[in-house]
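Residue numbers (the working numbering), protein chains in the order written: chain A, 16 to 276; chain B, 16 to 276; chain C, 16 to 276; chain D, 16 to 276.
In structure tokens:
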């Protein structure tokens with residue numbers, strides 16, 4: 016049925032499965048990670064074919080991750096590359112994309128008391144096969160804050176502070192090795208201060224003093240992320256966005272920019 | 016089919032439709048409101064009946080709100096009462112519940128420059144018919160902020176500030192007239208400061224100074240909401256909750272309490 | 016402060032407010048609409064300027080919609096154009112964008128019993144000012160269904176059916192008048208059958224028979240939307256996506272395509 | 016500051032942290048699980064105390080899960096019990112609650128071709144310490160489907176089918192050992208058919224035939240869940256809910272019930 020001619024002859028860009036959850040394990044530089052990502056896997060469809068054989072997409076995912084006694088993959092993009100390579104043997108396509116959206120938890124130390132604290136970050140790793148070439152898009156989403164420099168100036172040192180989310184997206188070749196933790200650092204270093212799950216009173220005091228010495232608009236944070244990415248990475252397209260959940264408004268303020276590095 | 020005996024004889028507490036969207040209009044004390052609420056409507060089901068005739072629930076809603084040339088209802092609970100009364104003629108039940116979840120937009124003035132600003136609040140109005148008696152639950156969800164008194168003390172007047180959401184829920188008889196705008200006031204007055212969609216520099220300065228003079232934990236805000244509701248309303252069960260979206264943590268902090276008034 | 020030079024000199028593409036809710040009214044061909052949309056409004060920022068004056072963006076919105084005794088705008092894009100025109104007098108920019116995301120409720124008749132039923136659709140209207148030229152992006156999101164032709168063939172006429180969401184996006188000039196209701200029709204006509212809020216037994220029977228005579232993959236629905244848009248609209252870029260919430264899987268299947276019309 | 020007297024003297028029921036994400040590992044009957052749950056941890060607050068020392072709540076969590084070389088806990092409720100026991104040494108309270116919300120992935124076999132397929136379920140495990148006694152609430156959320164028996168009867172064997180979500184909640188003593196996988200089975204067995212991530216054509220045919228032989232209203236599914244729980248578990252309060260994402264409507268239909276077992 017899927018191989019029949021369709022009634023309407025239009026080629027489609029992305030056909031496949033979305034929101035599929037499963038277990039994925041990686042071994043990144045000696046540290047083992049377990050994920051339950053949401054996976055999207057799509058391919059293009061010729062205008063002469065009615066449909067995609069969806070079960071072959073799912074099989075390419077499940078066979079690739081199944082029963083891993085030895086963890087074979089160093090990164091999420093390496094898992095994805097295996098899935099796309101396996102799919103190519105099962106189903107015709109010109110272009111295909113796979114993305115995995117998950118949380119990564121990194122142990123850190125609190126700034127003054129140096130206690131261990133676990134910090135969670137949203138990540139998305141997408142691999143695209145376009146005319147035989149692999150490109151990847153890596154994205155991290157990091158919680159921090161903004162501290163309004165305008166109000167600080169206007170109110171003798173007092174100001175409004177709020178939670179903000181900084182997002183960094185890097186598009187580059189498959190081969191360009193980029194550590195998600197380095198991307199997280201680029202975002203965290205652009206905020207007035209990093210935030211932590213655990214903070215004792217001394218840590219809290221340290222952070223608040225840092226924030227008030229270092230006030231930043233949402234625009235400053237986005238520019239800082241771009242600048243940090245420029246120093247750290249190469250041969251890539253970089254996009255940054257910051258969303259500030261204003262404490263004096265019901266709405267958010269946002270700043271978005273991009274550059275080549 | 017619905018009137019058959021079911022295979023498993025268990026009575027059910029709530030059977031019906033959920034997430035139904037439609038237009039509802041009210042005329043509350045001379046001011047006209049247009050809503051597109053999400054409606055849930057459920058009734059109980061006897062253990063001897065297989066199913067509910069769902070289309071009769073939908074008909075009770077649509078006929079009640081259809082083609083209103085003259086707006087007949089003063090409040091959302093009045094619309095709901097008409098729907099339950101209409102349903103009673105169509106379908107047997109002992110208990111039934113209907114709720115409408117929507118936004119209400121109220122024009123306000125900015126605190127210093129006195130410009131008009133439109134402020135949106137989440138509201139939910141639920142009517143329950145339990146053994147022939149109507150009870151209602153009114154809920155408002157209001158954006159504000161918290162300002163940490165502990166950090167202010169610990170950091171020579173500097174502190175962390177963040178957006179917070181205050182929720183007030185009142186359960187009372189159908190007849191007890193309660194204005195959603197008064198409920199919104201109870202919550203807004205419990206924050207270190209109200210927030211506004213529009214703020215010119217002078218307004219912003221005023222608000223920040225108010226916030227720093229009036230630091231509050233999430234616990235203080237919740238207690239303030241309860242206290243304001245005690246002064247304003249009677250013959251009701253009151254529940255309050257505040258969620259503070261911490262600017263120095265990835266997680267939120269919360270405080271919840273209740274009392275009879 | 017905003018007019019100072021920033022520490023990092025990067026131009027930004029989109030800086031502004033997001034998720035602002037307010038009341039917007041339109042009069043589209045004699046029928047009055049009341050909306051509470053979520054509004055995003057952003058403009059680009061030169062690399063020599065530290066920040067955007069956010070309150071001027073909010074003022075452009077509030078003054079444009081405030082106290083409308085006579086409803087002056089025929090469409091959401093007309094409201095948006097007025098806001099961008101007002102913003103231009105207040106704040107420098109090269110490019111700006113405004114979008115409104117809301118629900119539209121349209122009265123329809125059930126297919127057999129011809130009862131009135133109210134149907135809600137998600138819409139998003141975006142206006143972009145790029146080098147002095149206005150372009151708009153209109154988007155509708157419509158609930159329908161898919162009926163698997165492969166399973167129908169494989170199981171002697173039985174098959175899996177499920178809710179699906181069809182999305183149509185049209186990018187065109189400001190002047191190209193396009194009715195959101197026509198866009199909704201393009202999507203609804205591409206499903207195996209339309210869905211309705213109210214359905215009496217005869218209506219339900221009619222719809223199910225139509226669905227089983229007209230089985231469609233998610234790919235067929237997307238192609239149908241593109242084809243319907245081709246017949247109805249001109250001078251536009253069209254994008255369609257269908258998301259099928261599979262009743263035999265935990266995940267969704269999707270199909271996405273685009274064409275010029 | 017937290018130990019001061021508050022301005023408003025109201026005791027609060029639940030004060031604490033919400034939405035905290037971290038890594039939790041368990042070893043349930045020899046099988047190792049890694050989770051990144053969302054954790055809520057709250058305690059009650061006396062009316063004479065201004066605030067809770069929030070960092071002590073976070074410390075109780077982080078110290079309990081930190082650096083587990085040997086996995087010490089068999090279940091999520093065992094982790095939670097350790098956290099509450101640790102919290103009791105750090106902070107006064109009468110009542111406290113902790114919940115963890117996460118995904119659990121279970122390997123299964125497809126029904127005909129017997130291929131391995133990974134299936135994800137939403138789970139929530141809550142432990143409550145109330146007057147010195149531990150009670151737990153276990154909840155699973157499972158995707159399945161409904162198949163309308165009324166339409167099948169009315170349309171000569173054709174009917175509308177749709178995705179549904181079944182929820183089972185069990186409240187019992189801490190000591191009553193209940194396997195989340197058994198709870199998942201109770202829900203899956205109540206649907207017209209289980210659903211699978213991977214389905215080859217023969218599996219799909221098997222499932223569709225099973226669905227059409229076994230049509231069920233949302234009411235039937237909820238009653239089935241209650242009945243399955245009655246047979247499997249004891250000394251508990253059971254609650255079940257089913258949400259059917261109708262393929263012929265924009266809205267959902269729901270059925271909810273409870274019983275003691």
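Glycine is no exception: its CB is placed at the ideal position from the N, C-alpha and C atoms. None of the values given here were measured: they were computed from a predicted structure.
Examine the ligand FMN and report whether any of its heavy atoms sits within less than 6 Å of the Cβ of residue i.
i                     : result
residue 31 of chain B : As for the ligand FMN, it is missing from this structure, which has no ligand bound.
Which chain C residues sit within Cβ distance under 9 Å of residue i?
i                      : result
residue 135 of chain B : 35, 36, 37, 38, 51
Determine the chain B residues that contact residue i at a beta-carbon separation under 9 Å, and present them in chain order.
i                      : result
residue 215 of chain C : 70, 74
residue 211 of chain A : 263, 264, 265
I want to verify the contact list: residues of chain B whose CB lies under 8 Å from the CB of residue i, in sequence order.
i                      : result
residue 120 of chain C : 36, 37, 38, 51
residue 274 of chain D : 25
Give the DSSP bridge partners of residue i, in chain order.
i                      : result
residue 101 of chain C : None, per the DSSP bridge assignment.
residue 55 of chain B  : B:114
residue 254 of chain C : C:184, C:273
residue 121 of chain B : B:134
residue 41 of chain A  : A:48
residue 60 of chain A  : A:27
residue 71 of chain B  : DSSP lists no partner for residue 71 of chain B.
Using the beta-carbon of each residue, which ones in chain C are nearer than 7 Å to residue i?
i                      : result
residue 132 of chain B : 77
Interface residues of chain A around residue i at Cβ under 9 Å?
i                      : result
residue 175 of chain C : Near residue 175 of chain C there are no residues of chain A at all, since even the closest Cβ is about 12 Å away, more than 9 Å.
residue 141 of chain C : Under the 9 Å cutoff, chain A gives no residues; its nearest Cβ is about 15 Å from residue 141 of chain C.
residue 29 of chain C  : 256, 269, 270, 271, 272
Write down the C-beta distance between residue i and residue j rounded to the nearest angstrom, noting that I regard them as a contact closer than 8 Å.
i                      : j                      : result
residue 138 of chain A : residue 119 of chain A : 5 Å
residue 241 of chain B : residue 233 of chain B : 13 Å between Cβ atoms; not a contact.
residue 142 of chain A : residue 92 of chain A  : 5 Å
residue 259 of chain B : residue 179 of chain B : 4 Å
residue 28 of chain B  : residue 59 of chain B  : 6 Å
residue 201 of chain D : residue 169 of chain D : Not really, about 30 Å apart at Cβ, beyond 8 Å.
residue 128 of chain B : residue 215 of chain B : 5 Å
residue 239 of chain A : residue 23 of chain C  : 6 Å
residue 134 of chain C : residue 212 of chain C : 6 Å
residue 270 of chain A : residue 30 of chain C  : 5 Å
Helix, strand or coil, according to DSSP, for residue i in the structure here?
i                      : result
residue 169 of chain D : helix
residue 216 of chain C : helix
residue 49 of chain B  : strand
residue 245 of chain D : helix
residue 93 of chain D  : helix
residue 145 of chain C : strand
residue 159 of chain A : strand
residue 150 of chain A : strand
residue 65 of chain B  : coil
residue 127 of chain A : coil
residue 259 of chain A : strand
residue 280 of chain C : With chain C represented from 16 up to 276, any question about residue 280 of chain C goes unanswered, as that position is not in the structure.
residue 225 of chain D : helix
Using the beta-carbon of each residue, which ones in chain A are nearer than 8 Å to residue i?
i                      : result
residue 258 of chain C : 33
residue 105 of chain C : Near residue 105 of chain C there are no residues of chain A at all, since even the closest Cβ is about 17 Å away, more than 8 Å.
Note down, in chain order, every chain C residue with its Cβ under 8 Å from the Cβ of residue i.
i                     : result
residue 57 of chain A : 269, 271
Mind listing the chain A neighbours of residue i? Cutoff is C-beta to C-beta under 7 Å, in chain order.
i                     : result
residue 60 of chain C : 234
Please list the partners that residue i has in chain D, where partner means a Cβ-to-Cβ separation under 8 Å.
i                      : result
residue 178 of chain C : 177, 178, 260, 261, 262
residue 21 of chain B  : 234, 235, 238
residue 241 of chain B : 23, 25
Which residues of chain D have a Cβ atom closer than 7 Å to the Cβ of residue i, listed in chain order?
i                     : result
residue 16 of chain B : 164, 165, 168
Relative to chain A, which residues along the segment 217-235 of chain C have a C-beta separation below 7 Å, given in chain order? 232, 234, 235
Check distances from the C-beta atoms of the segment 154-174 of chain A to those of chain B and list, in chain order, the residues that come in under 7 Å. 158, 160, 166, 169, 170, 173, 174
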